[in-house]
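These protein sequences, in sequence, are chains A and B. Heads up, the first sequence is in the working numbering, so the first residue is -17 and it goes up one at a time. Heads up, the second sequence is in the working numbering, so the first residue is 122 and it goes up one at a time. Positions of the beta carbon are idealized from the N, C-alpha and C atoms, including for glycine. Bear in mind the structure is a predicted one, so any value in this text is a computation, not a measurement. Worksheet for the structure shown next.
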Amino acid sequence: PRAVSTRGNAEALVALLVLATLYYTEGSSVARAAACYGLAVHVKIYPLTYALPIALHLQGRQHGHGAALAMGHHGKARSPLLGFLWQLLTNRDVLLFGAVAGSVLGSLTFAFYYLYGWEFLEHAYLYHLTRRDTRHNFSPYFYMLYLTAESRWSFALGLAAFLPQLLLLVVVSVVFYRDLAFCCFLHTAIFVSFNKVCTSQYFVWYLCLLPLIIPNLRMSWRRGALLLSLWFLGQGLWLAPGYFLEFKGYNTFLLIWLAGLLFLSINTFVLVQIISHYQREAQVVEKNKQR
Amino acid sequence: MGCGGLEILSDRIGAGLWAAGLPRALRELLLVRAQASSGFFSGAQAVCQDAVVTQQLLQEGFHRELLLQVELGATREDLGRCTVAARTRLPPGIYVDPYELASLQRHNFTKALVIPDAVDVEAPEYLASDLVVLLYMTPDPRCSGCFTATLPVHGRYHRPAENNGTALVALKSPEILICCCDNHLSTECWKPSDVEAACLGRSSHPCQWYSVKHKPVSEELIMQIPVGLRQHRFLVCVTTLLATVLCSSMILAAACRYGHSPLQTCSEQKYRSMK
Chain A
-17 PRAVSTRGNA
-7 EALVALLVLA
3 TLYYTEGSSV
13 ARAAACYGLA
23 VHVKIYPLTY
33 ALPIALHLQG
43 RQHGHGAALA
53 MGHHGKARSP
63 LLGFLWQLLT
73 NRDVLLFGAV
83 AGSVLGSLTF
93 AFYYLYGWEF
103 LEHAYLYHLT
113 RRDTRHNFSP
123 YFYMLYLTAE
133 SRWSFALGLA
143 AFLPQLLLLV
153 VVSVVFYRDL
163 AFCCFLHTAI
173 FVSFNKVCTS
183 QYFVWYLCLL
193 PLIIPNLRMS
203 WRRGALLLSL
213 WFLGQGLWLA
223 PGYFLEFKGY
233 NTFLLIWLAG
243 LLFLSINTFV
253 LVQIISHYQR
263 EAQVVEKNKQ
273 R
Chain B
122 MGCGGLEILS
132 DRIGAGLWAA
142 GLPRALRELL
152 LVRAQASSGF
162 FSGAQAVCQD
172 AVVTQQLLQE
182 GFHRELLLQV
192 ELGATREDLG
202 RCTVAARTRL
212 PPGIYVDPYE
222 LASLQRHNFT
232 KALVIPDAVD
242 VEAPEYLASD
252 LVVLLYMTPD
262 PRCSGCFTAT
272 LPVHGRYHRP
282 AENNGTALVA
292 LKSPEILICC
302 CDNHLSTECW
312 KPSDVEAACL
322 GRSSHPCQWY
332 SVKHKPVSEE
342 LIMQIPVGLR
352 QHRFLVCVTT
362 LLATVLCSSM
372 ILAAACRYGH
382 SPLQTCSEQK
392 YRSMK
């Protein structure tokens, strides 16, 4: 993180704030967690995706995990999804979290707008909405988006690229929210791997959460080393044609694209291995509830 | 004799006068009179020597260095207190990074002004605009009256091409500008130019910039940039989407298998998402 931070992106700061958010959430200091979260989102937008797992976690903790998601137990059961959403949004902890995080983020946004004017809003938020960067990067979608940048399919393809990412994030939030650190790790790893733009800088976002989940990974050292080597190999196989394109001028677009697909496959394999070897602390949680 | 011949004759007369050890002003006066009396005097251009400009692109790929070398007709002593600069117009296919230039300027490697000073470094070529760069040149020890400068430039992404995997960017020859605050430049060889750049001499106000007519060694410089091929479009789109759907299904399956049971059963959710 230090090497990435010195290039002008304070990833170390965001990592700290995210970890603080998780720490305070697990430790039941909802207001402090929300304040850290608001600050984290202000510094970088990506922690916004943690809103769903955090909300589910807070709500689940209060009502007990077993009953939290049961259909028809709370309120009208006309639509279980709506009923569940209503229950989620009226939960005391969730509301407190939302209110504190919202006010922190809102007041920071207002303060910086007051200091820097429209330029701040443009560079911090609006830029991400209109940014079109189709230069070569780790994302599997890069070549597709580059070739179709000016075609009429551009919007549809952009949406098609967004849907798997969105679906995965929602499903992972719903099935893993009980273990917040693991959920957030998977969240960010999936978000980065399936994003339309992916650079090395983004890897720091989920690597900072890796130390939190390693103690619960029931995996041999050999398997862990193999996965890590595969991950680095995937990057190396992409960086080689990338170097020849950028610094030697060879037309290696197809190779870069294939390497991007390979890297996605490797990331998928690593994530599936991590999911299948993760020891959920279900027994510990049950014991705590019985006390 | 044509113009070229006239120049050769002037050079020879000039060389002869120099060899005779005459002071410069007297030499010039005699030279003009010699040409006038020989009947070959064709106006002010006769005493002006063209500047010779060479430009080269060093390195390969997207990140290059533009090397400019200028050989002005005058000697180093004449140009001792003058500032020489090159004004070049970069087409949309190439850009300079203002932050990189600022950093180089801080370390006294290169000094340049970019107009406009805000450059979108991520924009592709078809969304970018021309840039005008005023590059200050330093005396080149190679020869007297020679100046040199390097400018780091970067290629932008171009539109994908149908068949040919390379796009060409043409870089025109730069305009050479000079600013001498003691006003000893003869206005026949140099024409005034409006340049929005500082050139301060002994006086506190900026001095007049002049531009020189020159004879570039090579008119245009061509930079080759690799581009994607449109013929790959269908294959790339289909394969990419298939791969991402496959990978996301695998992660979904693992999540459903090892995660806690959600609102509906996992298989129902997966079924709906695949539709």
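**OP:** Determine the direct distance from the alpha carbon of Phe124 (chain A) to that of Val179 (chain A), and round the result to whole angstroms.
**Re:** Sequence index remark: in the first sequence, residue 179 (chain A) carries index 197 (1-based). Sequence index remark: in the first sequence, residue 124 (chain A) carries index 142 (1-based). Using only the alpha carbons, I get a separation of about 7 Å.
**OP:** Note down the Cα distance separating Glu186 (chain B) from Arg351 (chain B), rounded to an integer number of angstroms.
**Re:** The residue you call residue 186 (chain B) lines up with position 65 of the second sequence. The residue you call residue 351 (chain B) lines up with position 230 of the second sequence. Between the alpha carbons of Glu186 (chain B) and Arg351 (chain B) lies a distance of about 30 Å.
**OP:** Starting from the beta carbon of Met371 (chain B), find every residue of chain A whose beta carbon is closer than 7 Å, and list them in chain order.
**Re:** One-based indexing of the second sequence puts residue 371 (chain B) at position 250. The contacting residues are Thr250 and Val254.
Subject >> Ala49 (chain A) at chain B interface by Cβ criterion, 9 Å >> reply: As a first step, residue 49 (chain A) is located in the first sequence; it is residue number 67 there, counting from the start. Here Ala49 (chain A) scores only 44 on pLDDT, less than 50, and its place in the model should not be relied on; the value that follows carries that caveat. No, its Cβ sits nowhere closer than 9 Å to a Cβ of chain B.
**OP:** Counting only the same chain and skipping the five closest in sequence on each side, list residues whose C-beta sits under 8 Å from that of Val174 (chain A).
**Re:** Taking the first residue of the first sequence as 1, we reach residue 174 (chain A) at position 192. The answer, listed in chain order, is Cys180, Tyr184, Phe185, Trp187 and Tyr188.
**OP:** Provide the residue(s) that pair with Leu179 (chain B) in DSSP beta bridges, ordered along the chain.
**Re:** Stepping through the second sequence from its first residue, residue 179 (chain B) is reached at position 58. Residue pairing by DSSP places Leu179 (chain B) opposite B:Glu186 in a beta bridge.
Subject >> Positions along the region 168 to 184 of chain B whose CB lies within less than 9 Å of some CB in chain A >> reply: So the close ones are Gln180, Glu181, Gly182, Phe183 and His184.
Subject >> C-alpha distance - Asp238 (chain B) paired with Asp251 (chain B), whole-angstrom precision >> reply: Indexing the second sequence from 1 puts residue 238 (chain B) at position 117. Indexing the second sequence from 1 puts residue 251 (chain B) at position 130. Straight-line Cα distance between these residues: approximately 12 Å.
Subject >> Terminal residues of the alpha helix (DSSP H) in which Leu342 (chain B) lies >> reply: Locating residue 342 (chain B) in the second sequence gives position 221, counting from the first residue. Looking at the DSSP string, Leu342 (chain B) is not in any alpha helix (DSSP H); the run it does join, the beta strand (DSSP E), is Glu341 to Pro347.
Original post:
At a Cβ threshold of 9 Å, is Gly216 (chain A) touching chain B?
Top reply: As a position in the first sequence, residue 216 (chain A) is number 234, starting the count at 1. Not closer than 9 Å to any Cβ of chain B, the Cβ of Gly216 (chain A) fails to qualify, so no.
Subject >> Under the three-state DSSP convention, the category Ala350 (chain B) falls into >> reply: Start at 1 with the first residue of the second sequence, and residue 350 (chain B) comes out as number 229. Sequence inspection shows Leu at residue 350 (chain B); the Ala mentioned does not correspond to that position. Residue state, collapsed to three classes: strand.
**OP:** Spell out the partners DSSP gives Lys293 (chain B) in its beta bridges.
**Re:** In the second sequence, residue 293 (chain B) corresponds to position 172, counting from 1. According to DSSP, which records beta bridges pairwise, Lys293 (chain B) is partnered with B:Glu341.
**OP:** My understanding is that Leu129 (chain A) touches Gly349 (chain B), with C-beta atoms under 8 Å, so please give their C-beta distance in whole angstroms.
**Re:** Working through the first sequence from its first residue, we reach residue 129 (chain A) at position 147. Working through the second sequence from its first residue, we reach residue 349 (chain B) at position 228. About 5 Å separates the beta carbon of Leu129 (chain A) from that of Gly349 (chain B), a gap short enough to meet the 8 Å contact definition.
Subject >> Thr259 (chain B): first and last residue of the uninterrupted beta strand (DSSP E) it sits in >> reply: Translated into positions along the second sequence, residue 259 (chain B) becomes position 138. DSSP places Thr259 (chain B) inside the beta strand (DSSP E), whose first and last residues are Leu252 to Pro260.
**OP:** Using the Cα positions of Gln44 (chain A) and Gln69 (chain A), report the straight-line distance between them to the nearest angstrom.
**Re:** One-based indexing of the first sequence puts residue 44 (chain A) at position 62. One-based indexing of the first sequence puts residue 69 (chain A) at position 87. Rounded to the nearest whole angstrom, the C-alpha separation of Gln44 (chain A) and Gln69 (chain A) is 12 Å.
Original post:
How about Gly206 (chain A) and Asn249 (chain A): are their beta carbons less than 9 Å apart?
Top reply: Walking along the first sequence from the start, residue 206 (chain A) turns up at place 224. Walking along the first sequence from the start, residue 249 (chain A) turns up at place 267. Going by C-beta atoms, Gly206 (chain A) is not nearer than 9 Å to Asn249 (chain A).
Subject >> The beta strand (DSSP E) enclosing Thr181 (chain A), as first and last residue numbers >> reply: Sequence index remark: in the first sequence, residue 181 (chain A) carries index 199 (1-based). Premise fails: Thr181 (chain A) is in no beta strand (DSSP E) and is neither H nor E.
**OP:** Could you confirm whether any beta carbon from chain A is found closer than 9 Å to the beta carbon of His381 (chain B)?
**Re:** Locating residue 381 (chain B) in the second sequence gives position 260, counting from the first residue. Interface with chain A (9 Å Cβ-Cβ cutoff): His381 (chain B) is included.
Original post:
Among all the DSSP beta bridges, which residues are the ones paired with Phe268 (chain B)?
Top reply: As a working mapping, residue 268 (chain B) is identified with position 147 in the second sequence. Bridge partners of Phe268 (chain B): B:Val191 and B:Pro260.
**OP:** Just mark Trp330 (chain B) as buried or exposed, buried being the case when its beta carbon has 16 or more other beta carbons within 10 Å.
**Re:** As a first step, residue 330 (chain B) is located in the second sequence; it is residue number 209 there, counting from the start. With 16 or more Cβ atoms within 10 Å of its Cβ, Trp330 (chain B) is classed as buried.
Original post:
Where Phe120 (chain A) and Phe176 (chain A) are concerned, what is the direct C-alpha to C-alpha distance, given to the nearest angstrom?
Top reply: Here the question's residue 120 (chain A) lines up with position 138 in the first sequence. Here the question's residue 176 (chain A) lines up with position 194 in the first sequence. Taking the straight line joining both Cα atoms gives about 10 Å.
Original post:
Rounded C-beta distance between Thr7 (chain A) and Leu162 (chain A)? I'm assuming under 8 Å.
Top reply: Start at 1 with the first residue of the first sequence, and residue 7 (chain A) comes out as number 25. Start at 1 with the first residue of the first sequence, and residue 162 (chain A) comes out as number 180. 6 Å between Cβ atoms; contact.
Original post:
Which residues in the same chain as Leu211 (chain B) place their Cβ atom closer than 8 Å to its Cβ, once the five residues preceding and following it in sequence are excluded?
Top reply: As a working mapping, residue 211 (chain B) is identified with position 90 in the second sequence. Same-chain partners within the cutoff: Val217, Asp251, Leu252, Val253, Val254, Val274 and Leu292.
Original post:
Between the C-alpha atoms of Gly65 (chain A) and Ser224 (chain B), what's the straight-line distance to the nearest angstrom?
Top reply: In the first sequence, the residue the question calls residue 65 (chain A) occupies position 83. In the second sequence, the residue the question calls residue 224 (chain B) occupies position 103. Those two C-alpha atoms are separated by around 58 Å.
Original post:
Do the region 135 to 151 of chain A and the region 196 to 211 of chain A make contact, defined as three or more Cβ pairs closer than 8 Å?
Top reply: Contact fails: fewer than three Cβ-Cβ distances are below 8 Å.
**OP:** For the alpha helix (DSSP H) holding Thr250 (chain A), just list the boundary residues, first then last.
**Re:** Residue mapping note: residue 250 (chain A) aligns to position 268 of the first sequence, counting from 1. From DSSP, the alpha helix (DSSP H) with Thr250 (chain A) extends over Phe235 to Ser258.
**OP:** Return the residue from the list B:Ala318, B:Trp311 and B:Leu363 that minimises the CA-CA distance to Ala233 (chain B).
**Re:** As a working note, residue 233 (chain B) is residue 112 in the second sequence. Taking only the C-alpha atoms, the option nearest Ala233 (chain B) is B:Ala318.
Subject >> Coarse secondary structure for His228 (chain B), derived from DSSP in three states >> reply: Translated into positions along the second sequence, residue 228 (chain B) becomes position 107. Assignment of His228 (chain B) by DSSP, reduced to helix, strand and coil, places it in the coil class.
**OP:** Output yes if chain B places a C-beta closer than 9 Å to the C-beta of Tyr232 (chain A); else output no.
**Re:** Taking the first residue of the first sequence as position 1, residue 232 (chain A) is located at position 250. Answer yes: the Cβ-Cβ gap between Tyr232 (chain A) and chain B drops below 9 Å somewhere.
Original post:
Cα-Cα, which of A:Ala(-8), A:Ile238, A:Ala83 and A:Asp75 is closest to Tyr19 (chain A)?
Top reply: One-based indexing of the first sequence puts residue 19 (chain A) at position 37. Among A:Ala(-8), A:Ile238, A:Ala83 and A:Asp75, the Cα nearest to that of Tyr19 (chain A) is on A:Ala83.
Subject >> Beta carbon proximity, Thr130 (chain A) to chain B, threshold 9 Å >> reply: Taking the first residue of the first sequence as position 1, residue 130 (chain A) is located at position 148. At least one beta carbon of chain B lies nearer than 9 Å to the beta carbon of Thr130 (chain A).
Original post:
Listed in chain order, which residues of the region 347 to 366 of chain B have Cβ atoms closer than 9 Å to some Cβ of chain A?
Top reply: So the list reads Pro347, Val348, Gly349, Leu350, Arg351, His353, Arg354, Val357, Cys358, Thr360, Thr361, Leu362, Ala364, Thr365 and Val366, given in the order they occur along the chain.
**OP:** Return the CA-CA distance between His279 (chain B) and Leu192 (chain A), expressed in angstroms with no decimal places.
**Re:** Within the second sequence, residue 279 (chain B) is the residue found at index 158, counting from 1. Within the first sequence, residue 192 (chain A) is the residue found at index 210, counting from 1. Each residue's alpha carbon lies about 39 Å from the other.
**OP:** Following the continuous beta strand (DSSP E) through Arg208 (chain B), name the residue where it begins and the one where it ends.
**Re:** Locating residue 208 (chain B) in the second sequence gives position 87, where the first residue counts as 1. Note, Arg208 (chain B): beta strand (DSSP E), Cys203 to Leu211.
Subject >> Enclosing beta strand (DSSP E) for Ser333 (chain B) [first to last residue] >> reply: For the purposes of this step, residue 333 (chain B) is taken as residue 212 along the second sequence, with counting starting at 1. Position check: residue 333 (chain B) holds Val in this sequence, whereas Ser was assumed. For Val333 (chain B), the enclosing beta strand (DSSP E) begins and ends at Trp330 to Val333.
Original post:
Going by C-alpha distance, which of B:Pro245, B:Val359, B:Ala288 and B:Val316 is nearest Ile343 (chain B)?
Top reply: As a working note, residue 343 (chain B) is residue 222 in the second sequence. Comparing Cα-Cα distances from Ile343 (chain B) to each of B:Pro245, B:Val359, B:Ala288 and B:Val316, the minimum goes to B:Ala288.
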